[in-house]
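Residue numbers (the numbering used here): 399 to 730.
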């Protein structure tokens, strides 16, 4: 069988594709071990299994499209593109990795996986979107970026960010310090994301004017939130009653995003998580979307995804050993 030849456009030097020291080429070879890959001049020769060869050619075309968008092709981009193509050959990594949501101080926020792009698209298309997934999968960070994008585009007049202060519960009054000092540890992750996306000098002004509000969930009771982008973070730590209370705050011209990880419920006394309940209650309601992110969508250090997967497997094995599946006449 003759090799397939992939020609690299003259506009790009081969090194921009294969990477310094052929680092990207090594990644490609490691993920396509059944293929013989040879680089000559501005051409790549591929020989081996027909289906794998087709995947490889599609992948290289997507990597070239990423370069055309003006981005530098990093090893992380190459790995994520390979993952998308191998999971779904019809996927277009260039569309995912070239979608600009927000830019600030030279940093551009984009989805990094196909699931993340679907999540961002769901936020655009629905009034209420639930982002459910493990730590580091981008569910809160991307929601925050979409909120700021909506504010800048004048689609909303304000952003409201909230989290349940589970550990403090009703005892906030007994903690030392001012109210701000008491609730700050629970809201700090939201402030951290804000600082990544907005100039630090602007944040106090926006908060003083009420354009950005960061408050514990209990402060939402009794309000109607119009013309706002509202994010509820750590929603797995809401009760069913709190979740209902929050969702019914929705006013005209507003959009809600609810994020959480149902594997990390911290509610006391084995209380049932409102995030778990709401999936059954609202699953068939129009204009509400449930998006599920996985360990494959974790965009922190690569090890974080491996850790999430390992813990998931461990939990599954513990469950099987505690509640073994039985068969026989005694089953009911």
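Glycine included, C-beta positions come from ideal geometry on N, C-alpha and C.
- By the C-beta density criterion, residue 514 is buried, having at least 16 other C-beta atoms within 10 angstroms.
- Spanning the alpha carbons of residue 705 and residue 400 requires a straight line of approximately 42 angstroms.
- By alpha-carbon distance to residue 611, the top candidate from 589, 599, 598 is 589.
- Of the candidates 632, 519, 473, 594, the residue whose Cα lies closest to the Cα of residue 658 is 632.
- Ranking 636, 451, 483 by CA distance to the CA of residue 433 puts 451 first.
- A direct Cα-Cα distance of roughly 24 angstroms separates residue 621 from residue 674.
- Taking 8 angstroms as the cut-off, the beta carbon of residue 521 is found no closer than this to the beta carbon of residue 623.
- Rounded to whole angstroms, residue 616 and residue 466 show a C-alpha spacing of 48 angstroms.
- Residue 457 is positioned such that its CB atom lies closer than 8 angstroms to that of residue 480.
- Contact between the segment 488-507 and the segment 432-449 is absent: fewer than 3 CB-CB pairs across the two stretches fall below 8 angstroms.
- The Cβ atoms of residue 661 and residue 532 sit closer than 8 angstroms to each other.
- Residue 640 is positioned such that its CB atom lies no closer than 8 angstroms to that of residue 671.
- If you draw a 10 Å sphere on the C-beta of residue 478, you find 16 or more other C-beta atoms in it, and that means buried.
- For residue 714, DSSP records no beta bridge to any residue.
- Here residue 543 really is in contact with residue 507; their C-beta atoms are around 5 angstroms apart, less than 8 angstroms.
- Rounded to the nearest whole angstrom, the CA to CA distance from residue 461 to residue 484 is 14 angstroms.
- Sequence-distant Cβ neighbours of residue 644 in its own chain, meaning closer than 6 angstroms and more than five residues away, are 618, 630.
- Looking at the backbone, the Cα of residue 537 and that of residue 438 are separated by about 42 angstroms.
- Beta-bridge analysis with DSSP links residue 436 to 443.
- Taken in chain order, the unbroken stretches of alpha helix (DSSP H) that lie wholly in the segment 512-558 and span 4 residues or more are 512-523, 537-550.
- Taken in chain order, the unbroken stretches of alpha helix (DSSP H) that lie wholly in the segment 609-697 and span 4 residues or more are 638-645, 672-679.
- The alpha-carbon of residue 429 is positioned some 41 angstroms away from that of residue 627.
- A check of alpha carbon separations from residue 655 across 431, 591, 540 identifies 540 as the nearest.
- Taking 8 angstroms as the cut-off, the Cβ atoms of residue 608 and residue 625 do not count as close.
- Straight-line measurement puts the Cα of residue 668 at about 35 angstroms from the Cα of residue 510.
- Within the same chain, Cβ atoms closer than 6 angstroms to the Cβ of residue 528 are found at 656, 688, the five residues on either side in sequence being excluded.
- The three-state reading of DSSP puts residue 500 in strand, counting E and B together.
- Sixteen is the threshold: since fewer than 16 other Cβ atoms of the shown chains lie within 10 Å of the Cβ of residue 711, the residue is exposed.
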